[in-house]
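Asker:
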Amino acid sequence: MSFDKNVDGRIDAEELEIVTRSIGLHPKDEELKAMIKQADKDGSGDIDLPEFIELMASKSKNDTTESDLREAFSLFDKDGNGLISAQEMKFVLTCMGFNITEKEAVELVKQADIDGDGHINYEASRTLFKLLKIPLQLKISQK
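Just so we're aligned, residue 1 is where the sequence shown starts under UniProt numbering, counting upward by one.
Following this line, the structure appears as structure tokens:
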């Protein structure tokens, strides 16, 4: 399921509501508008992938409870083994409507993989959210 309903590589207010609810956040309409205004650096009225990542990282840092973090982690941990693989990373971001290559997903996982096992555990996912706030020194394709 893609959160980017019109498949334009961007998320509008309606799509953002679906995304936030899927990870356990329940913002009001005014909060959604404020989130878009905060994240919309290019003034387009909606959010592209780098803006979305920065927004989610800031929400996880400022407003998210431990329960919210666990729920977000479980969204990525599709097989429930307590680890996020590059394939799971790619799958979730693709479902959100973002075009990310396998190589880019591997690089994302590498940057947050604190024990070098090629996966992200729950504790390392906190590092991932911090890394995602920065444009990651890699460009994610948006076709």
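Just so it is clear, CB atoms sit at the ideal spot from N, CA and C, and this is done for glycine as well.
1) Look at the alpha carbon of G80 and the alpha carbon of I47, and state the distance between them as a whole number of angstroms.
2) Enumerate in chain order the residues of its own chain whose CB-to-CB distance from F73 is below 8 Å, with the five nearest sequence positions on each side excluded.
3) Pick from P50, L55, L49: whose alpha carbon is nearest that of K33?
4) Determine the direct distance from the alpha carbon of H26 to that of K37, and round the result to whole angstroms.
5) According to the neighbour-count rule (16 or more other Cβ atoms, all chains shown, within 10 Å of its Cβ), is R10 buried or exposed?
6) Where does L83 sit, in a helix, a strand or coil, going by DSSP?
7) Consult DSSP for I36 and reduce its assignment to one of helix, strand or coil.
8) Per DSSP, what kind of secondary structure is I18 in: helix, strand or coil?
9) I need the DSSP call for I53, collapsed to helix, strand or coil.
10) Taking the alpha carbon of V7 as the point to measure from, which residue in N99, P50, D115 has its own alpha carbon closest?
Answerer: Taking the coordinates as given:
1) 29 Å
2) I84, Y122, S125
3) L55
4) 17 Å
5) buried
6) strand
7) helix
8) helix
9) helix
10) N99
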